[in-house]
């Protein structure tokens, strides 16, 4: 897989040198063979180095990478017996949301996911993973069904946002999102949400009010896309990298703030370089978190879930602000 | 990507002016010149085209509740700039940081954040109140707005009184990042608790009610009212236009659009709001016993 991101230039160059030597095949001289091994090692080291220090904006480019695994890939690699449910029983079926029961290892789970599209046709079909109101309503009925049968809910979040069309306003996008936010605090089953790519604002949070919120190492979670935030704060979307940094949209920063429960490590160079390894790591993490949550009595689970969100927010009394300004 | 989001124009504060007297005001919709005193008497509604001007939180409270009945709580809660949002593109002229802008807003507007909360009575019936202010940082929601709205809801739960929330918001407060987004979850969860206690919640949409505020507590009212012609939407008109490559006629996504598409219960003229809420309080209080 090509090293095509801007910050991967050093890696692309190393790879070119490696490829040139590899092309020699059997004609490789002994010292060239040593050189090849050294270059391969250097590539591995530099990849890890670079990826450990990504800026929020660089992380965004990884989270939005065209080859990054999507929900359907994780379902295929992590789960068995997935049966996809369709429709919101009221209006239609939204292909941006993929949902239904499955087996994760030994565990029965209900999956609710954003699915972006891979090729042009799929992208169009799935509206780039941006749900319409009927998508959230499908999520709602599937989550309610999970509660009915005592099945834990696993959500995989990966969308730039909720669909911003006029038809979406007509069909009540605000109501659709608000309804899931009203439902999720009360669901009497464990809920684990994982941002696998882009956690775009309310469109993401709508399936993210969970007992545990995880983020893959190079995923992002944001109140608004940095382009939009830059337009609002500095009147020009070109300042997006500053907005990305100021808002601290990457997993590492968000974890430092205490706003998520775990950062799930990605293979060196990002999840797109090793789908199987990423899926395995995620599966193990989910099963571990699930096992912990299933120890809790349901009333305790719900109270902890409530407090988790109740305590998010930083504020103080103005007297304290003044006092600390003086001191 | 988006160049503009509905409702969030300049962060320039609009001061709470003393009585307008003979100062003239121009209606932004129909361009009619309105005389200050008449305009105020008309509750800051254009007598020609019915455009409902924005009201500050304190003006709104005066309009709705029994005189002298409002008791404010938690007035002194302020933001702490949780992300230390000081970053700036070097080319951008305005060098004020988030913390500096907040301090200015507090000084100019006389309130400490974009929502005022407390309790009051309407026709002697008690209720908990949260009223957003469109002039403080464009009514954007950050940690403090979320916290105060949640506290107003908790006031309702504790004293078993109905909750009224007046929304006006240009969306989430960017400078508080994910903290702002999470307030959607926090407030919705609090309302879920209120609902479990069988306590009614009335929501009023005023111009503009958009974005994260619209997609969380605002839309969860047991009864949802809206003032005429308010911008009510999830995605702002400019962003809709960019996404769909169309031009929207002015005022497409507004209260009346919401009513037509089944999202709100009634569009109510400002002059009728107090008595409408009084009626709702009577109708929904059948099983409520107030805890002092």
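Residue numbers (our numbering), protein chains in the order written: chain A, 1 to 327; chain B, 1001 to 1292.
Virtual Cβ for every residue (Gly too), placed ideally from N, Cα, C.
Here's the rule I'm using: 16 or more other beta-carbon atoms within 10 Å means buried, otherwise exposed. How should residue i be labelled?
i, result
"residue 22(A)", "exposed"
"residue 1269(B)", "exposed"
"residue 98(A)", "buried"
"residue 1091(B)", "exposed"
"residue 305(A)", "buried"
"residue 187(A)", "buried"
"residue 1262(B)", "exposed"
"residue 1198(B)", "exposed"
"residue 33(A)", "exposed"
"residue 1186(B)", "buried"
"residue 254(A)", "buried"
"residue 1067(B)", "exposed"
"residue 212(A)", "buried"
"residue 1005(B)", "For residue 1005(B), the pLDDT reaches just 33, beneath the cut-off of 50, and the residue's location in the model is therefore unreliable, although a value from the coordinates is still provided. Burial call: buried."
"residue 1150(B)", "buried"
"residue 76(A)", "exposed"
"residue 79(A)", "buried"
"residue 1081(B)", "buried"
"residue 1207(B)", "buried"
"residue 309(A)", "buried"
"residue 138(A)", "buried"
"residue 1117(B)", "buried"
"residue 168(A)", "buried"
"residue 100(A)", "buried"
"residue 1096(B)", "exposed"
Since residue i and residue j are thought to touch, with beta carbons under 8 Å apart, how far apart are those beta carbons, to the nearest angstrom?
i, j, result
"residue 1231(B)", "residue 1241(B)", "Wrong, their Cβ atoms sit about 14 Å apart, outside the cutoff."
"residue 57(A)", "residue 241(A)", "4 Å"
"residue 1041(B)", "residue 1053(B)", "About 13 Å; that fails the 8 Å criterion."
"residue 1111(B)", "residue 1133(B)", "6 Å"
"residue 263(A)", "residue 252(A)", "7 Å"
"residue 192(A)", "residue 210(A)", "6 Å"
"residue 266(A)", "residue 216(A)", "6 Å"
"residue 1146(B)", "residue 313(A)", "5 Å"
"residue 1162(B)", "residue 1047(B)", "The Cβ separation is near 33 Å, so there is no contact."
"residue 1190(B)", "residue 1154(B)", "7 Å"
"residue 1212(B)", "residue 1178(B)", "Actually they are not in contact, since the Cβ atoms of residue 1212(B) and residue 1178(B) sit about 12 Å apart, beyond 8 Å."
"residue 1142(B)", "residue 1170(B)", "Not confirmed; about 12 Å, so no contact."
Which residues does DSSP list as the beta-bridge partners of residue i?
i, result
"residue 317(A)", "1077(B)"
"residue 1027(B)", "Residue 1027(B) pairs with nothing; no bridge assigned."
"residue 99(A)", "85(A) and 112(A)"
"residue 1167(B)", "1205(B)"
"residue 1198(B)", "For residue 1198(B), which the question treats as bridged, DSSP gives no partner whatsoever."
"residue 215(A)", "195(A) and 263(A)"
"residue 221(A)", "199(A)"
"residue 1072(B)", "1118(B)"
Interface residues of chain B around residue i at Cβ under 9 Å?
i, result
"residue 162(A)", "1215, 1234 and 1235"
"residue 165(A)", "1235, 1240, 1243 and 1244"
"residue 172(A)", "1219, 1234, 1258, 1261, 1262 and 1263"
"residue 192(A)", "None at all; the shortest Cβ gap to chain B is about 15 Å."
Below 7 Å on C-beta distance, what does residue i contact in chain A?
i, result
"residue 1203(B)", "The premise fails here: residue 1203(B) is roughly 10 Å from chain A at the closest Cβ pair, so nothing lies under 7 Å."
"residue 1294(B)", "Since the first residue of chain B shown is 1001 and the last is 1292, residue 1294(B) is not available in this structure."
"residue 1146(B)", "313"
"residue 1085(B)", "246"
"residue 1184(B)", "181, 202 and 205"
Could you tell me which chain A residues have their CB closer than 9 Å to the CB of residue i, listed as they occur along the chain?
i, result
"residue 1112(B)", "318"
"residue 1143(B)", "312, 313, 314 and 315"
Can you pull the chain B neighbours of residue i, defined as C-beta to C-beta under 8 Å?
i, result
"residue 239(A)", "1089 and 1092"
"residue 209(A)", "1185, 1188 and 1189"
"residue 321(A)", "1078 and 1080"
"residue 242(A)", "1087, 1088 and 1089"
"residue 329(A)", "Examination of residue 329(A) is not possible in this model, given that chain A is present from 1 through 327 alone."
In chain A, what lies closer than 8 Å to residue i by C-beta?
i, result
"residue 1253(B)", "166 and 169"
"residue 1212(B)", "201, 202 and 223"
What does residue i touch in chain B if you count any residue whose Cβ is under 7 Å from its own?
i, result
"residue 177(A)", "1215"
"residue 153(A)", "The contacting residues do not exist; residue 153(A) stays about 15 Å from chain B at best."
"residue 254(A)", "1178"
I want to check one thing, is the minimum distance from the CB of residue i to the heavy atoms of the ligand HEM below 6 Å?
i, result
"residue 1177(B)", "Annotation note on the ligand HEM: not contained in the displayed structure, which lists no ligands."
**Prompt:** Name the residues in the stretch 217–229 of chain A whose C-beta lies less than 9 Å from a C-beta of chain B; which are they?
**Reply:** 221, 222, 223, 224, 225, 226, 227, 228 and 229
**Message:** At a CB distance below 7 Å, what residues from the stretch 1070–1083 of chain B approach chain A? Give them in sequence order.
**Reply:** 1076, 1077, 1078, 1079, 1080, 1082 and 1083
**Members of the stretch 120–142 of chain A near chain B, C-beta cut-off 7 Å** = none
**Prompt:** In chain order, what residues of the stretch 1238–1250 of chain B put their CB closer than 8 Å to some CB of chain A?
**Reply:** 1239, 1240, 1243, 1244, 1246 and 1248
**Prompt:** Listed in chain order, which residues of the stretch 299–318 of chain A have Cβ atoms closer than 7 Å to some Cβ of chain B?
**Reply:** 306, 309, 310, 312, 313, 314, 315, 316, 317 and 318
**Message:** At a CB distance below 7 Å, what residues from the stretch 1189–1202 of chain B approach chain A? Give them in sequence order.
**Reply:** 1189, 1191 and 1192
**Request:** Please list the residues of the stretch 257–283 of chain A that have a C-beta atom closer than 7 Å to any C-beta atom in chain B, keeping them in chain order.
**Result:** 259
**Prompt:** Using a Cβ cut-off of 9 Å, which residues of the stretch 1155–1181 of chain B contact any Cβ in chain A, in chain order?
**Reply:** 1170, 1171, 1172, 1173, 1174, 1175, 1176, 1177, 1178, 1179, 1180 and 1181
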